[in-house]
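S.K.: Structure in structure tokens, see below.
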Amino acid sequence: MSIRCALVDDEDLARQVLREYLRSDADVEIVAECANGFDAVKAVAEHHPDLLFLDVQMPKLDGFEVLELVGDQVAVVFVTAYDQYAMKAFDAAAVDYLLKPFDLDRFRTALERVRRRLGERSPKPNSAELKTAAQPPGQHPRRIVVKDGTRVHIIPIGQLDYAEAQDDYVALHSGGKSYLKQQTISSLQATLDPARFVRVHRSYIVNLDRVAKIEPYTKDTRIAVLADGAQIPVTRAGYLRLKELMESG
Amino acid sequence: MHPVFRTKNGFLFYLAPWAPVGVMLALMITAAGRMRFAESVAIAVPATFALACICLAPWYVCRALPLRTTPGWKIWTYQIVGAMWATTLVMLIAYAAAVGLNRIIPATSVHFHSVAPVLAGMVDLIYLLAIALYYVIIAIDSSRQAELLSRESELKALKAQVNPHFLFNSLNSISALTTTDPAKAREMCVRLSDFLRASLRLGERAGIPFGEELALTRSYLDVEQVRFGSRLRISQDFDPVCAAVEVPPLLVQPLVENAIKHGIATLTEGGEIAIVSKRLRDRMSIMIENPFDPEAPAIRRNGFGLASVRKRLQARYGQAARLDVHVEQNRYRAVLSVPCESAEEVEEA
């Protein structure tokens, strides 16, 4: 079985090692080489490779963010100088990871694993959920990445106004625009800082800083009006959580 | 823990030197009180043993009143009151021994009165000597502790200054070059070794001439240059009068490392790191400026960098040195300002 792969590393010399090791495998074809995370996401959309060799620290998007965006479409082997806790957590999402520098034997082992994984056609894990699981406790992301075709949007966490559940997706609203991301609202909530974002409704999370006023709606429900005029339903439990946070802040 | 009880037979070793003290006291009592030696011994032995036990106590007083931080009057008051109590106690025991002896040999106590002032003076003196000795032990202890701590922090600094990611990425570059460009691979091995050797050697020293620090930084940049290629550009403006100024080692290199990690590495096209050092009368300023991507993904820090530089500055100069950081849009600037100190006096310009 032939494998189509893309090399993603911002260092030319690091890609060179991969190129050299791959030369001995006639059935592995390099379809793209990328020097940053944006290009990697683009290359996946354009060339549909089976496999990514992915560095972690890169300009634009880091390796984890790339995995989050395209991990369900392609097998990933991390190639990195890191051997920290995060790598262990990502063990499940990535097929393998190579610690720089590595030799040809170790590289072959990784390719073997990839072949087996690609042969299995097992259901791909949802990488957004895996990212939630891998997040160190007490830490929250500074930004959210969303893929839109070949384009990638980056939403700094402070600019997220509110999020709305839509089946298997969440709609992230920021500055009057809306971005769809494949993630459940509960797993999104788990990554966010609970001091800044409140689950006010089964289907809504709101950024506390954006709430302008809260108006009564029915006997048990209210409406939160955001700074930009957007209206969000608030349940009784949601209102209590909101009130508690606003009073403590 | 009390020094006497630190070892298994410590108390026995502690008692040993009290034997001659007892003999001395007995001789003194004999001379001053016109008593027979055997009688004197009967008084001196319990008194000396009591004194030996009481002299264990001031260790705790000395520890509670460290010389450096306690005002002098407080130390004197507490220790003299302590000495008076100790002397009174020993004298009471000696007196009790004399009274006991008096039952057997009448008129001994009469002689005791004449001996009392001398005995009290001696006991007081011995007690004060014990206090002095304890302060010496405390000083030795704390200097040993400080030595241990400084060695530990040295080791930590050594570990931190050679960033493992830098090392592994460099080795990976060498691995890439071995087949395509063996000459360059060898050159990089040499450059990497230069940097490691210099940082190990210089890291041990308290101060180095700024020129050497700059050379160390340069050897670090040489290695990174191979990794980043044309993405990394350096401009250096170095005032030669700065070369002799003494600075703590690894003051500039961590800042340049930050400039690469948080700056150049976040940019697809890379950028230029500017290093400018200037001398202004009795101060030297070093500026390191680099572009960065404000929207770059959060970098998984390993805690070294600014904090360590600040600690080094604080340790050497106290409040006299500064490290300021300015962020303007996509430019990051770190400015160090240190007072000029040099091995040989730098003549004023």
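Protein chains in written order, with our numbering: chain A, 1 to 249; chain B, 1001 to 1349. Here a beta-carbon is modelled for each residue, glycine too, at the ideal position from N, C-alpha and C. None of the values given here were measured: they were computed from a predicted structure.
Among residues of its own chain, excluding the 5 on either side of I1260 of chain B, which ones have a beta-carbon nearer than 6 Å to its beta-carbon?
M.R.: Residue mapping note: residue 1260 of chain B aligns to position 260 of the second sequence, counting from 1. E1224.
S.K.: If I'm right that G1207 of chain B touches P1248 of chain B with Cβ under 8 Å, what's the distance once you round it to whole angstroms?
M.R.: Here the question's residue 1207 of chain B lines up with position 207 in the second sequence. Here the question's residue 1248 of chain B lines up with position 248 in the second sequence. Contact flag correct, Cβ pair sits at about 6 Å.
S.K.: For the region 1039-1046 of chain B against the region 1089-1102 of chain B, are there 3 or more C-beta pairs whose distance is under 8 Å?
M.R.: They touch, by the three-pair rule.
S.K.: Where N1302 of chain B and I1273 of chain B are concerned, what is the direct C-alpha to C-alpha distance, given to the nearest angstrom?
M.R.: Taking the second sequence and counting its residues from 1, the one referred to as residue 1302 of chain B is at position 302. Taking the second sequence and counting its residues from 1, the one referred to as residue 1273 of chain B is at position 273. Reliability of the predicted coordinates at N1302 of chain B is poor, the pLDDT of 46 falling under 50, and the value obtained from them is presented with this limitation in mind. Taking the straight line from one Cα to the other gives about 22 Å.
S.K.: Using a Cβ-Cβ cut-off of 8 Å, state whether A93 of chain A counts as contacting chain B.
M.R.: The sequence position of residue 93 of chain A within the first sequence is 93, counting from 1. Chain B, which has no Cβ nearer than 8 Å to the Cβ of A93 of chain A, makes this no.
S.K.: Going by DSSP in three states, P1339 of chain B sits in which element: helix, strand or coil?
M.R.: Position 339 of the second sequence, counted from the first residue, corresponds to residue 1339 of chain B. Three-state result, P1339 of chain B: strand.
S.K.: Quick one: is N1290 of chain B near chain A, going by C-beta distance under 8 Å?
M.R.: Counting from one through the second sequence, the residue named residue 1290 of chain B turns up at place 290. Output row for N1290 of chain B: interface = no.
S.K.: Closer than 8 Å between beta carbons: that is the criterion. Which residues of the region 19-46 of chain A meet it against chain B?
M.R.: Of all residues in the region 19-46 of chain A, E20, A35, N36 and G37 have a Cβ within less than 8 Å of some Cβ in chain B.
S.K.: Report the option in B:T1217, B:R1227 and B:D1222 whose CA atom is closest to the CA atom of A1176 of chain B.
M.R.: On the second sequence, position 176 is the one that residue 1176 of chain B refers to. Nearest of B:T1217, B:R1227 and B:D1222 to A1176 of chain B, Cα basis: B:R1227.
S.K.: Could you give the distance in angstroms between the alpha-carbon of C1055 of chain B and the alpha-carbon of R1197 of chain B?
M.R.: Within the second sequence, residue 1055 of chain B is the residue found at index 55, counting from 1. Within the second sequence, residue 1197 of chain B is the residue found at index 197, counting from 1. Distance between the alpha carbons of C1055 of chain B and R1197 of chain B is about 53 Å.
S.K.: Please list, in chain order, all residues of the same chain as P1339 of chain B whose beta carbon is under 7 Å from its beta carbon, the five residues on each side excluded.
M.R.: Position 339 of the second sequence, counted from the start, is the residue given in the question as residue 1339 of chain B. For P1339 of chain B, where only same-chain residues beyond five positions count, the Cβ hits under 7 Å are D1282, R1283, Y1317, A1320 and A1321.
S.K.: Between which residues of its own chain and I1367 of chain B is the CB-CB distance below 6 Å, once the five residues before and five after are set aside?
M.R.: No answer is possible for residue 1367 of chain B: the residues shown for chain B start at 1001 and end at 1349.
S.K.: State the CB to CB distance for the pair R199 of chain A and G229 of chain A, rounded to an integer number of angstroms; the pair is presumed to be in contact (CB under 8 Å).
M.R.: Translated into positions along the first sequence, residue 199 of chain A becomes position 199. Translated into positions along the first sequence, residue 229 of chain A becomes position 229. Wrong, their Cβ atoms sit about 22 Å apart, outside the cutoff.
S.K.: Just the C-alpha distance for E1348 of chain B and V1276 of chain B, rounded to the nearest angstrom, thanks.
M.R.: Here residue 1348 of chain B is taken as the residue at index 348 of the second sequence, counted from 1. Here residue 1276 of chain B is taken as the residue at index 276 of the second sequence, counted from 1. Here E1348 of chain B scores only 44 on pLDDT, less than 50, and its place in the model should not be relied on; the value that follows carries that caveat. Cα-Cα distance, rounded: 21 Å.
S.K.: Suppose you measure from the CA of Q1314 of chain B to the CA of L1323 of chain B; what does that come to, to the nearest Å?
M.R.: Within the second sequence, residue 1314 of chain B is the residue found at index 314, counting from 1. Within the second sequence, residue 1323 of chain B is the residue found at index 323, counting from 1. One C-alpha to the other measures close to 10 Å.
S.K.: Taking Cβ-Cβ distances shorter than 7 Å, what residues in chain A pair up with A1296 of chain B?
M.R.: For the purposes of this step, residue 1296 of chain B is taken as residue 296 along the second sequence, with counting starting at 1. Residues of chain A passing the Cβ test: P59.
S.K.: For the candidate residues B:A1086, B:M1001 and B:R1144, whose alpha-carbon lies nearest to that of Y1127 of chain B?
M.R.: Counted from its first residue, the second sequence places residue 1127 of chain B at position 127. Taking only the C-alpha atoms, the option nearest Y1127 of chain B is B:A1086.
S.K.: Could you please give the first and the last residue of the uninterrupted alpha helix (DSSP H) stretch that includes K1311 of chain B?
M.R.: Walking along the second sequence from the start, residue 1311 of chain B turns up at place 311. Its alpha helix (DSSP H) spans residues L1306 to Y1317.
S.K.: Return the chain-ordered list of same chain residues with a C-beta closer than 7 Å to the C-beta of L1015 of chain B, the five sequence neighbours on each side being excluded.
M.R.: Working through the second sequence from its first residue, we reach residue 1015 of chain B at position 15. Contacts found: A1052.
S.K.: Quick one, which of A:L118, A:A212 and A:L111 has its alpha-carbon nearest D161 of chain A's?
M.R.: Within the first sequence, numbered from 1, the residue matching residue 161 of chain A stands at position 161. Nearest of A:L118, A:A212 and A:L111 to D161 of chain A, Cα basis: A:A212.
S.K.: The alpha helix (DSSP H) spanning H48 of chain A covers which residue range?
M.R.: The sequence position of residue 48 of chain A within the first sequence is 48, counting from 1. First-last for H48 of chain A: undefined, no H or E at that position.
S.K.: Among A:T150, A:E215 and A:K219, which one has its Cα closest to the Cα of I232 of chain A?
M.R.: Counting from 1 along the first sequence, the entry for residue 232 of chain A is found at position 232. The option with the nearest alpha carbon to I232 of chain A is A:E215.
S.K.: Rounded to whole angstroms, what is the Cα-Cα separation between A1146 of chain B and H140 of chain A?
M.R.: Numbered from 1 along the second sequence, position 146 holds the residue referred to as residue 1146 of chain B. Numbered from 1 along the first sequence, position 140 holds the residue referred to as residue 140 of chain A. When rounded, the distance between both Cα atoms is 39 Å.
S.K.: Since D1293 of chain B meets chain A, which of its residues come closer than 7 Å, beta carbon to beta carbon?
M.R.: Taking the first residue of the second sequence as position 1, residue 1293 of chain B is located at position 293. Going along chain A in sequence order, the residues near D1293 of chain B (Cβ under 7 Å) are P59.
S.K.: So is Q57 of chain A buried or exposed if we call it buried at 16+ other beta carbons inside 10 Å?
M.R.: Position 57 of the first sequence holds residue 57 of chain A. Classification for Q57 of chain A: buried.
S.K.: Which chain B residues sit within Cβ distance under 8 Å of A6 of chain A?
M.R.: Position 6 of the first sequence holds residue 6 of chain A. Near A6 of chain A there are no residues of chain B at all, since even the closest Cβ is about 17 Å away, more than 8 Å.
S.K.: What does DSSP give as the partner residues of Q1329 of chain B in its beta bridges?
M.R.: For the purposes of this step, residue 1329 of chain B is taken as the residue at position 329 of the second sequence. None, per the DSSP bridge assignment.
S.K.: Buried or exposed for K177 of chain A, going by 16 or more other Cβ atoms inside 10 Å?
M.R.: Numbered from its first residue, the first sequence carries residue 177 of chain A at position 177. When all chains shown are included, K177 of chain A counts as exposed.
S.K.: Shortest alpha-carbon distance to L18 of chain A belongs to which of A:A110, A:D39, A:L69 and A:V41?
M.R.: If you number the first sequence from 1, residue 18 of chain A lands on position 18. Selected option, being the one with the closest Cα: A:A110.
S.K.: Which residues bound the beta strand (DSSP E) around Y1014 of chain B?
M.R.: Counting from one through the second sequence, the residue named residue 1014 of chain B turns up at place 14. Here Y1014 of chain B belongs to no beta strand (DSSP E); instead the alpha helix (DSSP H) covers G1010 to L1015.
S.K.: For P216 of chain A, which residues does DSSP report across the bridge?
M.R.: For this step, residue 216 of chain A is matched to residue 216 along the first sequence. Looking at the DSSP assignment, P216 of chain A forms a beta bridge with A:R222.
S.K.: Only counting the same chain, and skipping five residues up and downstream in sequence, which positions put a Cβ closer than 6 Å to that of I3 of chain A?
M.R.: In the first sequence, residue 3 of chain A corresponds to position 3, counting from 1. Here the set comprises V28, D50 and L51.
S.K.: Based on the DSSP output, what are the partners of H201 of chain A in its beta bridges?
M.R.: Residue 201 of chain A sits at position 201 when you count from the first residue of the first sequence. H201 of chain A pairs with A:Y204.
S.K.: For the region 173-192 of chain A, enumerate the residues whose C-beta is nearer than 8 Å to any C-beta of chain B, in chain order.
M.R.: From the region 173-192 of chain A, no residue has a Cβ closer than 8 Å to chain B.
S.K.: Determine the direct distance from the alpha carbon of D193 of chain A to that of R142 of chain A, and round the result to whole angstroms.
M.R.: Here residue 142 of chain A refers to the residue found at position 142 of the first sequence. Here residue 193 of chain A refers to the residue found at position 193 of the first sequence. Those two C-alpha atoms are separated by around 10 Å.
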